Each structure stands twice: as C-alpha cells, then as structure tokens.
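So the sequence lines, in the order shown, correspond to chains P and C. Count along the first sequence from 1, add 14, and you get the number used in my numbering. Count along the second sequence from 1, add 21, and you get the number used in my numbering. Even glycine gets a Cβ: it sits at the ideal position worked out from N, Cα and C. Just so we're clear, the structure is a prediction, and the values are computed from it rather than from any experiment. Okay, so here's the structure we're looking at.
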Amino acid sequence: MRRTSRFNVVSVALGLAFLYLPIAILVIYSFNASRLVTVWGGWSLTWYRALLHDNAILQAASISLRVAALSASAATVLGTCAAVALVRFGRFRGRLLFSGMVYAPLVMPEVITGLSLLLLFVALNVDRGFWTIVIAHTTLTLCFVTVIVQARLIGFDRSLEEAAMDLGCPPLKTFLTVTLPLIAPAIAAGWMLAFSLSLDDLVIASFTTGPGATTLPIRIYSQVRLGVKPEINAVCTIMIAVVALGTIAASLTMKRGAARRERAALGAQV
Amino acid sequence: MNAAIKSERSWGRRAVVLMPYLWLAIFFLVPFAIVLKISLSQTAIAQPPYVPVFDLAAGWQGLQDFFARLTLDGYRLIVSDPIYLFSYFKSLQVAGVSTAILLLIGYPIAYGIARSPRGLQPLLVMLVVLPFWTSFLIRVYAWINILQRDGLLNDVLMRLHIIHEPAVWLASDTAIYIGLVYSYLPFMVLPLYATLEKMDETLLEAAADLGCPRWKAFWQVTVPLSLPGAAAGTLLCFIPIVGEFVIPDLLGGSRTLMIGQTLWTEFFFNRDWPVASAVAVALLALLVLPILLYERLQQRQLQGLR
Numbered sequence: 015m016r017r018t019s020r021f022n023v024v025s026v027a028l029g030l031a032f033l034y035l036p037i038a039i040l041v042i043y044s045f046n047a048s049r050l051v052t053v054w055g056g057w058s059l060t061w062y063r064a065l066l067h068d069n070a071i072l073q074a075a076s077i078s079l080r081v082a083a084l085s086a087s088a089a090t091v092l093g094t095c096a097a098v099a100l101v102r103f104g105r106f107r108g109r110l111l112f113s114g115m116v117y118a119p120l121v122m123p124e125v126i127t128g129l130s131l132l133l134l135f136v137a138l139n140v141d142r143g144f145w146t147i148v149i150a151h152t153t154l155t156l157c158f159v160t161v162i163v164q165a166r167l168i169g170f171d172r173s174l175e176e177a178a179m180d181l182g183c184p185p186l187k188t189f190l191t192v193t194l195p196l197i198a199p200a201i202a203a204g205w206m207l208a209f210s211l212s213l214d215d216l217v218i219a220s221f222t223t224g225p226g227a228t229t230l231p232i233r234i235y236s237q238v239r240l241g242v243k244p245e246i247n248a249v250c251t252i253m254i255a256v257v258a259l260g261t262i263a264a265s266l267t268m269k270r271g272a273a274r275r276e277r278a279a280l281g282a283q284v
Numbered sequence: 022m023n024a025a026i027k028s029e030r031s032w033g034r035r036a037v038v039l040m041p042y043l044w045l046a047i048f049f050l051v052p053f054a055i056v057l058k059i060s061l062s063q064t065a066i067a068q069p070p071y072v073p074v075f076d077l078a079a080g081w082q083g084l085q086d087f088f089a090r091l092t093l094d095g096y097r098l099i100v101s102d103p104i105y106l107f108s109y110f111k112s113l114q115v116a117g118v119s120t121a122i123l124l125l126i127g128y129p130i131a132y133g134i135a136r137s138p139r140g141l142q143p144l145l146v147m148l149v150v151l152p153f154w155t156s157f158l159i160r161v162y163a164w165i166n167i168l169q170r171d172g173l174l175n176d177v178l179m180r181l182h183i184i185h186e187p188a189v190w191l192a193s194d195t196a197i198y199i200g201l202v203y204s205y206l207p208f209m210v211l212p213l214y215a216t217l218e219k220m221d222e223t224l225l226e227a228a229a230d231l232g233c234p235r236w237k238a239f240w241q242v243t244v245p246l247s248l249p250g251a252a253a254g255t256l257l258c259f260i261p262i263v264g265e266f267v268i269p270d271l272l273g274g275s276r277t278l279m280i281g282q283t284l285w286t287e288f289f290f291n292r293d294w295p296v297a298s299a300v301a302v303a304l305l306a307l308l309v310l311p312i313l314l315y316e317r318l319q320q321r322q323l324q325g326l327r
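So, in structure tokens, the structure goes:
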C-alpha cells in the first residue's frame, strides 16, 4: 500500500529543481551571444570558438586529463587491494590503523591533506609538478575506490570462491577468474569516481603543484576570481557534457552486464 | 591444501595488504607527523621558511639541537590573536547552521524518494547523485552567475517588482550558505534515503491500525529508525564543511574568514608555514571526535551488510 502523497512529490520535485536549475542556467548562458549575463543576445557558439584558441585552457585540460587517468588507475589498484584486505583477511596485524587510514581521507578537510602532502614533498626535496599531483590524487581517491569495492565484496556470495578453492584452484587464480569478474562493475565505478574526483580537485592540486603543472580547476579558479566570463561557461558546459555522457554510458553498460549475469545464473539453474 | 598453494597464499596476502598500507603510511600518516613537527618550528625567511631543519648527519647532537629549538610560538599566536579564534568559531557556526539546513531540506527529499514507486527510485537516486559527478568548482561558479550584482536573481526579483534596486547577494554569509547547501545536498540525501528505504513499512501500518495518527507515527516510528542515516549524513556534511575553502572563498566576503581560508592565506600569502601548520593541527584536533564517530558508524554499517 504505497501511496505517493502530494507532499512527497513536491519535495522531490523542488529538490531536483534546486539541484539542476543553476547548472541549466550555466549551460544555456554558455550559448549566449552577449557578454552580459542578464542580456540575452541570441544563440551563438562564440565562446566555444574562443576556447579553441585559448592555449592556456587547452593545456590545463590536457594536464588534468592525464593526472586524472594516471591517479585513478593507481588508486583503483591500491584501493581494490585495500578492500580485499579489509573484507577477506579477517584480523591481521595493524588492521585498526589500516582501516583508520583508509576512512580518514574521505572526510579529511582538503586543506589539511594538501598542506601535509606539500610539506612531505618539501621535506623529501622533491620537485613539485605533474607527478606530485598524481601522487596526491592517488592518496585522496584510493579511499573512495576502497569503499565502493568493499561494499560489493561484502555483498556477494562467497561460496563461488570457496568452490573454486575446494576444486584445487590456487588463490591468485581464484581471485582473477572468479572474484575479479564479479567485482568488476564496482572496480569500474571506483575508477570513474576517482577520475572525476581528480579532475575536480582544486585545493590539493594547488598545494602540490609546481611550475608548468596548472590543472584545469586551478586555471578556472584563477579566472573565476576575476569575475564571470562566458568562456568559462563554455568550458564548464563541455565538462558537464562529458560527465553526463560518461555516467549514462556507464550505467547502461552496468545494466547490460547485470542482465547478462542474471541470464547466465538462470541458465545455470536450468 | 599443499605447501605451494599455502606459500603463494601468504606471499600474495602480504603483498595485497602491504601495497596500500605502505602507500597510505608514506603519503597520509608521515605527512601528518611532518605537519606536527613544522607547527612546532620557528618561522624563518629562508627556503624552506622554517627552522630547525632536522639534520640527520649531525647525529645525537643534531637531535638534541632539534628538540631544543622546537617552540610553541605558532600555537601561542593562534591562541592570542583573535583572528584565529574568530575564524574557528566562524567555521563551526557556518558548518553547524548549514548542516542543520541540509538536514531540514534533505530529509523531505530523501523521504519523498523512499516513498515513491519502486521502479522510479533508482532513477531519482541517480538524478540526486548526478550533479555530484560534475565539478564542485563548476557548481559553485554556477551560483556566481545567479547571485552577482547584475545576475539573474536580481534581474528576476526586479522584474517581479519585489525589489527595486539590485541587492547584494555575493560576498555575504547568505551566499556561503546557499553554496554549501547546494554542494553538499547529495551527501545528506543519500545516507538518509538508504535508511528510509530499508525501513519496514508494516510498522507504520501497525501504528495506523492501532489508531496512531500519521504525524505521530512519523515522529515515533520513522524518525527514530532513520537516525543512523541522519547521523551519517550530518557527519558527512559537517566535517568537510568546517574545513571548506572553495565555497567561502568564491561566494563569501573577504571580511569573515573561515578556518580553511585562514590556513590558505597563512600559507600562500604570508608564507608562514609554522603558523599554517599550527592552524592545521588545531583544526584536526577539532575534528578528531567527529571523524572517529564517522568511522565507527561506517564500520557498523558494513557489519550490518555482512
């Protein structure tokens, strides 16, 4: 007896409007021919064309994408290992410290993480730049991967792994042929989350960057501080489009994967 | 199980634990030790801008010198100068108020989603999460478009004749609260939805059968059962908001600094690393309790899944 009351519908609708209206406005105004926000000068692609000639922005975007790809990949490997250790290994020495270190960065204010990593790099006398941002982002995002993969590992049926081991399959092979395919969607989701978090980060990147490694958020931030610019609206719209397409593609592939697995499971039962 | 498998197992296990363990120890734990150490150092006009520098080559004497020259000056400064205390209280106040607003706005949304038709729920959840995937900076920036002096909000309000002169929205606490609530809403809605969705609805039916009015059933059944979600959402919002930098910096005024901005200014503009580190340590001390609470909640939730 599920009744959808008017109050519920209104609160959800208002909530979604609040979430989407500012983004919609941003997207619409990126196509505004006029430079002023309040004046609608007709649809135009002026600001997108201007972007093509803005080398600073293009270079920052390429640095950001490379940092995000590298750090997300490293974070996915490390984060998956951490999740397997936390879920499958029971008690091991230093577990409490380990789980503490895994969860703390999730809520740690970015200014603290950024400052402490910078001081580490200074103490080690490392030249700051591209690679220090990659390391910093790996540290930040691996915890998110761990949480996602962990939830999946806890949720699935262990008897499959046990069956493989009972039949003499070595642990590594069991992991690669049984466990990994089962948790693959979570690993993919973790990678995507890590990628988008890295692409998004301003504070930690500002602390750990060096000469020649200006990421897109650092670039946007320095422009935004000077006021609203239509070019920035255009950059933001492109980023939103990429994220939206990525999310839709990911959810479609995951759904198809889930459907296939269900069919396979049904087939096995018959 | 034969010996080969066993040894492969123990080596493999060790590698799986050690890789992330070492990474986090080196890039998460050690840096905090360094922050603590530098917060006890003196400021110097040098590169790096602090003394003493730990000198391994000097051996025991060097170690003694090192400890002898540590000072509490950084901490003394942040206790005695009202700017720092003020920005601490400001951060706590802003985080407290915005978390309360988030709870008030987030609860009806989460409740509405949890009570919507089953088939619709994944879509609604995805719609709430989707903005979180777009850049934080973009979402804050979107509000500058709206709130600036010749922005859309003033335009709409003036056309509706609610105001006659453009009002100042940016560079105010109102703008900070709008930005914070907007950016952190998914963090509040998702944990709330997770607990509300799991709730056994027969409990409400039972209450109704026994003659309990709906609002009373809501207060006595639904709200207590959703407390874990509310606690998780509250901590998930409160902790990062205390240290928030981007939102108050872009939307807030320059007169009232939150602690994240103070740290940023100390570090990048005043180049006073010891004081910046002392501010970081003090901020962390403030957040240790909520962070531990959050970790316990997280553990308990995972055990519940098991």
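Legend entry - Strand pairing of Asn291(C), partner residues [DSSP]: For Asn291(C), which the question treats as bridged, DSSP gives no partner whatsoever.
Inset, instruction - For Leu30(P), return the contacting residues in chain C, with the cut-off set at a CB-CB distance below 7 Å. - result: Those within 7 Å of Leu30(P) in chain C are Leu148.
Legend entry - Pro185(P) burial status per 10 Å Cβ neighbour count (16 or more: buried): Buried is the call here.
Inset, instruction - Excluding the 5 residues preceding and the 5 following Ile167(C) in the sequence, name in chain order all residues of the same chain whose CB lies nearer than 6 Å to its CB. - result: Result list for Ile167(C): Leu173, Leu174, in chain order.
Inset, instruction - Evaluate the contact criterion for the region 34-51 of chain C versus the region 283-294 of chain C: three or more CB pairs, one atom per stretch, below 8 Å. - result: Judged by Cβ distances under 8 Å, the region 34-51 of chain C makes no contact with the region 283-294 of chain C, as fewer than three pairs qualify.
Legend entry - Pick from Leu246(C), Ala251(C), Ala238(C), Tyr71(C) that is closest to Leu133(P), judged by C-alpha positions: Per the Cα distances, Tyr71(C).
Legend entry - Supposed close pair Phe157(C), Ser119(C) - CB separation, criterion 8 Å: The beta-carbon separation of Phe157(C) and Ser119(C), rounded to 15 Å, does not stay under the 8 Å limit for a contact.
Legend entry - Reduced DSSP category for Arg16(P) - H, G, I as helix; E, B as strand; rest coil: Residue placement at Arg16(P) is poorly supported in this model, since its pLDDT is 49, which falls under 50; the coordinates still yield a value, given next. Looking at Arg16(P) - three-state DSSP - the assignment turns out to be coil, as it is neither helix nor strand.
Inset, instruction - State whether the region 176-188 of chain C contacts the region 256-263 of chain P, with contact taken as three or more CB pairs (one from each stretch) at a distance under 8 Å. - result: No: the two stretches stay apart, fewer than three of their Cβ pairs being nearer than 8 Å.
Legend entry - Beta-carbon proximity check, Pro295(C) vs Ile59(C), cutoff 7 Å: Yes, the pair counts as a contact, with Cβ atoms nearer than the cut-off.
Legend entry - Minimum Cβ-Cβ distance from Ile268(C) to chain P less than 7 Å: No - not a single Cβ of chain P is within 7 Å of the one on Ile268(C).
Inset, instruction - Below 8 Å on the Cβ atoms is my guess for Tyr214(C) versus Ile134(C); work out the distance and round it to an integer in Å. - result: A Cβ-Cβ separation of about 5 Å places Tyr214(C) in contact with Ile134(C) under the 8 Å criterion.
Inset, instruction - Locate the alpha helix (DSSP H) running through His151(P), then write down its first and last residues. - result: Annotation: the continuous alpha helix (DSSP H) that includes His151(P) extends over 144-169.
Inset, instruction - With DSSP collapsed to three states, give me the class of Arg327(C). - result: Model confidence at Arg327(C) stands at a pLDDT of 49, short of 50, so the residue's coordinates are unreliable and nothing is read from them.
Inset, instruction - Rounded to whole angstroms, what's the CA-CA distance from Glu218(C) to Lys243(P)? Just pull it up for me. - result: Distance between Glu218(C) and Lys243(P), taken at the CA atoms: about 43 Å.
Inset, instruction - Check whether the Cβ of Met40(C) lies closer than 7 Å to any Cβ atom in chain P. - result: Taking Cβ atoms only, chain P reaches closer than 7 Å to Met40(C), which makes this a yes.
Inset, instruction - Determine the burial state of Ser31(C): buried for a count of at least 16 other Cβ atoms within 10 Å of its Cβ, exposed for fewer. - result: Exposed.
Inset, instruction - Output yes if chain D places a C-beta closer than 7 Å to the C-beta of Asn22(P); else output no. - result: Considering every chain present, this structure includes no chain D. Its protein chains are P and C.
Inset, instruction - May I ask you to verify whether the region 51-68 of chain P touches the region 118-127 of chain P, counting CB pairs closer than 8 Å and requiring at least 3? - result: No: the two stretches stay apart, fewer than three of their Cβ pairs being nearer than 8 Å.
Legend entry - Thr155(P) beta carbon less than 7 Å from that of Ala89(P): Note that the C-beta distance between Ala89(P) and Thr155(P) is below 7 Å.
Legend entry - Buried/exposed call for Ala251(C), threshold 16 Cβ in 10 Å: So Ala251(C) ends up on the buried side.
Inset, instruction - Report, in whole angstroms, the separation of the C-beta atoms of Ile55(C) and Val300(C), which I expect to be a contact under 8 Å. - result: So it is not a contact: roughly 15 Å between Cβ atoms.
Legend entry - Opening and closing residue of the alpha helix (DSSP H) in which Thr127(P) lies: Per DSSP, Thr127(P) belongs to the alpha helix (DSSP H) from 124-137.
Legend entry - Any C-beta of chain P under 7 Å from that of Ala301(C): Interface residue (Cβ-Cβ distance to chain P less than 7 Å): Ala301(C) is classified as such.
Inset, instruction - Just grab the DSSP bridge partners of Trp57(P) for me. - result: Among the bridge pairs identified by DSSP, Trp57(P) is matched with Asn46(P).
Inset, instruction - Could you please tell me which residues of the region 154-187 of chain C, in chain order, have their CB closer than 9 Å to any CB of chain P? - result: Residues passing the 9 Å Cβ filter: Trp154, Thr155, Ser156, Phe157, Leu158, Ile159, Arg160, Val161, Tyr162, Ala163, Trp164, Ile165, Asn166, Ile167, Gln169, Asp171, Gly172, Leu173, Asn175, Asp176.
Inset, instruction - Would you list, in chain order, the members of the region 135-158 of chain P that have their beta-carbon closer than 8 Å to a beta-carbon of chain C? - result: Listed in sequence order: Val136, Ala137, Ile149, Ala150, Thr152, Thr153, Leu156.
Legend entry - Nearest neighbour of Leu271(C), chosen from Gln164(P), Arg166(P), Val217(P) [CA to CA]: With distances taken between CA atoms, Leu271(C) lies nearest to Val217(P) out of Gln164(P), Arg166(P), Val217(P).
Legend entry - Residue-chain proximity (Pro185(P), chain C), Cβ-Cβ < 7 Å: Taking 7 Å as the CB threshold, Pro185(P) lines the interface with chain C.
Legend entry - Proximity winner among Tyr132(C), Gly117(C), Asp194(C), Leu148(C), relative to Leu35(P) (alpha-carbon distances): Considering only alpha carbons, the answer is Leu148(C).
Inset, instruction - Report the three-state DSSP secondary structure of Met279(C) (helix, strand or coil). - result: Met279(C) sits in coil when the DSSP states are folded into three classes, being neither helix nor strand.
Inset, instruction - Give every residue of the same chain whose Cβ lies closer than 6 Å to the Cβ of Ser247(C), excluding the five residues on either side of it in the sequence, and list them in chain order. - result: The residues are Thr216, Leu217.
Inset, instruction - Please look up how many angstroms separate the CB atoms of Pro152(C) and Ile37(P), rounded, as I've assumed it's under 8 Å. - result: Their Cβ separation, rounded to whole angstroms, is 6 Å, which keeps Pro152(C) and Ile37(P) in contact under 8 Å.
Legend entry - Neighbour-count burial assignment, Gln319(C), 16 or more Cβ in a 10 Å radius: By the Cβ-count criterion, Gln319(C) is buried, with 16 or more other Cβ atoms from all chains shown falling within 10 Å of its own Cβ.
Legend entry - Runs of alpha helix (DSSP H) lying entirely within the region 170-194 of chain P, each at least 4 residues, in chain order: DSSP runs (the alpha helix (DSSP H)) wholly in the region 170-194 of chain P: 173-180, 185-188.
Legend entry - Neighbour flag for Arg136(C) against chain P, beta carbons, 7 Å: With 7 Å as the cut-off, Arg136(C) counts as an interface residue toward chain P.
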